[in-house]
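Quick note on numbering: the numbering used here labels position 33 of the sequence shown as 44, and the sequence is numbered without any gaps. Note that beta-carbon positions come from the ideal geometry of N, C-alpha and C, so glycine has one too.
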Amino acid sequence: MTTDNNRAFTLELRDDHVAVIHIDVPGESMNTLKASFADEVAHVLNQLEQHQDLRGVVLISDKPGSFVAGADISMIDACTNAADAESLARQGQAMFDRIEQLAVPVVAAIDGACLGGGLELALACHYRIATDNNRTVIGLPEVQLGLLPGSGGTQRLPRLIGIQKALPLILAGKQLRAKQARKLGIVDDVVPASILLDAAVEKALASKAKVRKVKLKGVSKVLEGTSFGRNFMFKKAREQAQAKAKGNYPALDKIIDTLACGASKGFQAGLAYEAKQFGELAMTPESKELRQIFFATTAMKKETGAGDTKPRAIQRVGVLGGGLMGGGIAYVTAAKAKLPARIKDINEQGIVHALKYSYDLLNSKVKRKHMTRTELEATMLSLSGTLDYSGFDKVDVVIEAVFEDLGLKQQMVADVEAAGNPHTIFATNTSSLPITQIAAKAERPENVIGLHYFSPVDKMPLAEIITHERTSAETIATTVALAKKQGKTPIVVKDGAGFYVNRILAPYMNEAARLVLAGEPIDGVDKALVKFGFPVGPMKLMDEVGIDVAAKVAPILANELGDRFQAPEAFGKLLDDERKGKKNKKGFYDYQGKQAGKQVDSSVYSLLGVTAASQLSADEIAQRTVLLMLNEAAYCLDEGIISCARDGDIGAIFGIGFPPFRGGPFRYMDALGIAEVVSRLQAYQQQHGERYQPAPLLVKMATNNERFY
């Protein structure tokens, strides 16, 4: 075996005449492909081509749980023009072409992440064997960075499994488990990790070096085998993709165009077109912003949230309250963090409800074959319930998710301090009450912190970690570590009304409500913001969150932060009419019948005393609402609620679905130009009042011609 500690690709020649190419990028926890590896791979392939008695080749990673996680994104970021990026793609294509052209069978032995360029490498092999390891995931997620697969993925995947199966995978960037990939025909076999190399060698010795193509039958043959069928299929795919994307993601159309080119003009023409489209997409502002989010979240994974302070080990977690939030928190603790969680509630029904919440989510995973029945049972065994505080003396962190009542939460702090141990952290999942007040009567205030999840907990990726003046650095680091284990992206924010996410959301929601009260149709306001790039419009969001919740939070914010948070008077009328939103099937939208939640409940207009008639353009509606969110984000940064613009962008994208392709509020302000933001705010201030007064930080930055990044 030729070993070189500085090489990522090394060659081992076995006695059975099978060559094993070992992949191990030095100094990295995951294997990623860099342009500099082209020479290494060429060197290895030159050696292979000289062996007359070679019978097969196996590619395997020496990093357990990581085959190849994709290409190194910073390499794409370093390209200054489309030609540079296109040339990167062509290099990758040429390297993988040589692998495919080898005269002996080549088998990819996949354990762990096989994504993006990693899957393109595996697709260039003649066969693929994957492990049944939970960490084995297979996919082409380039679309999430505003790109398309640039090293042959758009041509090899459809050739192997057909356009109909390949297209949705590439358009959605979906990641598959090994068994799902086998079912689709992407991998040939799934084996335990312990026998992966043996199985791959056996496959190489028993097989022929041939490029395999999908055998189309029936309807698929008509759809994929004729130009009429393909045109119909691509047209439908385009309509479906844009119904959701509203033209905001250029990669979607380019992916469809690239598959269409390969299908009509052949493999080589498809590759040339793929490289060109890759180069163009790499230069789009959308891809640049999406890549910045990737870099930001990668950097955050390495941070503790408290400088050099190390987190304490967590063995057990307690959850107070078995409601929707409590059930969700218990689920992510047991299923994702793999930690035992004990749920305390005042009645058995609450505990049963919380346990059923986890069971239902796990059971749906079993049904979709994402999990075995044994894994479900093991996870459920790590959840327990109690009506008192038994066992809480052994708990490291208690997460409280009871009603938004200050007296009740202070009582909970006292109870946990009595029942727990001196190190037990009390993390409160409050959405509006100041942590300082919750910790006011605590004996150990250094252990009290805010841990604000977003609903539904199992789906929403953000967690706000809220510190007050006396929270210790170890408490912060430990809570951040727990949130990461639960699968969350945590941002550390300072205590203050609404914290960060709800604080920037409130003025935006209030303005949307004002527009409705001025006669703009409810669905018109929502559609304008969805077109801008939000996943859901503000009025629909109010129904989802609960009109009663919004009504409760509004006065707290206005009280603490002043007039610019004054909500329109309409909430009272809605609540008098028992309209709480989706939860009681009565809100701005109609939740009855087959079209539940799709149509506006027109009786809202007469209740509010308005006649709906569209006056403003979608662009104007988006400007009016979003500018207030941007302005508030600047206030938060200036007041130290968030420590940097990066955290503010991540919080807005992961917490409220701020359009990722715009990079977050701060990157979006940079793109517009701070002076332009100030000028628009001032124009609205003259038209609509003082709530549009630009934040002092923005005025200062505009004067000095500064940027956030």
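Under 8 Å between C-beta atoms, does I174 make it to chain C? Reference to chain C is not applicable here, since this structure consists of a single protein chain.
Does the Cβ of S47 have 16 or more other Cβ atoms within 10 Å, making it buried, or fewer, making it exposed? The residue is exposed, with fewer than 16 neighbouring Cβ atoms inside 10 Å.
Alpha carbons only, please: which of T439, D469, K312 and K420 is nearest the one belonging to G461? T439
Under 8 Å, do C90 and A293 count as touching if we go by C-beta distance? yes
Am I right that K367 and L331 are in contact with their C-beta atoms under 8 Å? What's the rounded C-beta distance? The Cβ separation is near 18 Å, so there is no contact.
Where does T482 fall in DSSP's three states? coil
Which runs of the alpha helix (DSSP H), 4 residues or longer, sit entirely within the region 366-408? 384-392
Enumerate, from N- to C-terminal direction, the unbroken alpha helix (DSSP H) stretches of 4 or more residues contained entirely within the region 240-299. DSSP assignment within the region 240-299 yields the following whole alpha helix (DSSP H) runs of 4 residues or more, N-terminal first: 261-276 and 278-293.
Could you say if the region 486-504 and the region 580-592 meet the contact criterion of at least three C-beta pairs nearer than 8 Å? The region 486-504, when compared against the region 580-592, does not touch it at the 8 Å Cβ threshold.
I'd like the span of the alpha helix (DSSP H) that includes G418, first residue to last. For G418, the enclosing alpha helix (DSSP H) has its first and last residue at L417 to A430.
Rounded distance between the beta-carbons of K594 and G557, thought under 8 Å: 6 Å
Residues near A663 in its chain [Cβ-Cβ closer than 8 Å; skip 5 each side]: For A663, where only same-chain residues beyond five positions count, the Cβ hits under 8 Å are V512, I515, M640, A644, F669, G675 and P676.
Given R673, which residues of its chain have a CB within under 8 Å of its CB, disregarding the five upstream and five downstream residues? E300, G544, Y679 and A682
Less than 8 Å between the beta carbons of L373 and T385, yes or no? no
Within the region 491-563, note down every full beta strand (DSSP E) run reaching 3 residues or more, in order along the chain. DSSP runs (the beta strand (DSSP E)) wholly in the region 491-563: 500-505.
How long is the line joining the alpha carbons of N57 and L22, rounded to whole angstroms? In a straight line, the C-alpha of N57 is about 11 Å away from that of L22.
Reducing DSSP to helix, strand and coil, say where Y679 ends up. Correct three-state label for Y679: helix.
Residue(s) in a DSSP beta bridge with D209: Answer is none; D209 lacks a bridge partner.
Is A183 near A124, with beta carbons less than 8 Å apart? The answer is no: Cβ separation not under 8 Å.
Which of helix, strand or coil does DSSP assign to Q603? coil
Work out the CA separation of K321 and T504 for me, nearest whole Å. Residue identity differs from the one stated: residue 504 is Val in this sequence, not Thr. For V504 and K321, the distance between alpha carbons rounds to 19 Å.
Where does A177 sit, in a helix, a strand or coil, going by DSSP? helix
DSSP puts F437 in a beta bridge; with which residues? V409 and V459
Could you check if G219 is buried or exposed, using at least 16 other CB atoms within 10 Å of its CB as the buried criterion? A small correction: the amino acid at residue 219 is Lys; Gly does not occupy that position in the sequence shown. Exposed: under 16 other Cβ atoms inside 10 Å.
From the DSSP output, in three-state form, read off S654 for me. coil
L417 classed as buried or exposed, judged by whether at least 16 other C-beta atoms fall within 10 angstroms: The residue in question, L417, is exposed, as its Cβ has fewer than 16 Cβ neighbours within 10 Å.
Can you tell which of I357, A365, T500 and L350 has its C-alpha closest to the C-alpha of M336? A365
Taking C-beta to C-beta, are A341 and S369 nearer than 8 Å? Cβ atoms of A341 and S369: closer than 8 Å.
Between the CA atoms of L24 and T14 - distance to the nearest angstrom: Interpretation of T14 is limited by its pLDDT of 49, a score under 50 that renders its predicted location unreliable; the figure taken from the coordinates is listed afterwards. C-alpha separation (whole angstroms): 12 Å.
I need the straight-line Cα distance from E531 to N259, nearest angstrom please. 24 Å
Under DSSP, the alpha helix (DSSP H) around D50 begins and ends at which residues? F48 to E60
Measure the Cβ-Cβ separation of A100 and G290 and say whether it is below 8 Å. yes
Using the C-alpha atoms, what's the distance from I477 back to E555? When rounded, the distance between both Cα atoms is 24 Å.
Which residues in the same chain have their Cβ closer than 6 Å to the Cβ of T142, if we skip the five residues on either side of it in sequence? Excluding residues within five positions, the ones whose Cβ falls inside 6 Å are D122, A204 and L207.
Under a three-way DSSP split, which group does K226 fall into? coil
Return the CA-CA distance between V328 and L540, expressed in angstroms with no decimal places. 39 Å
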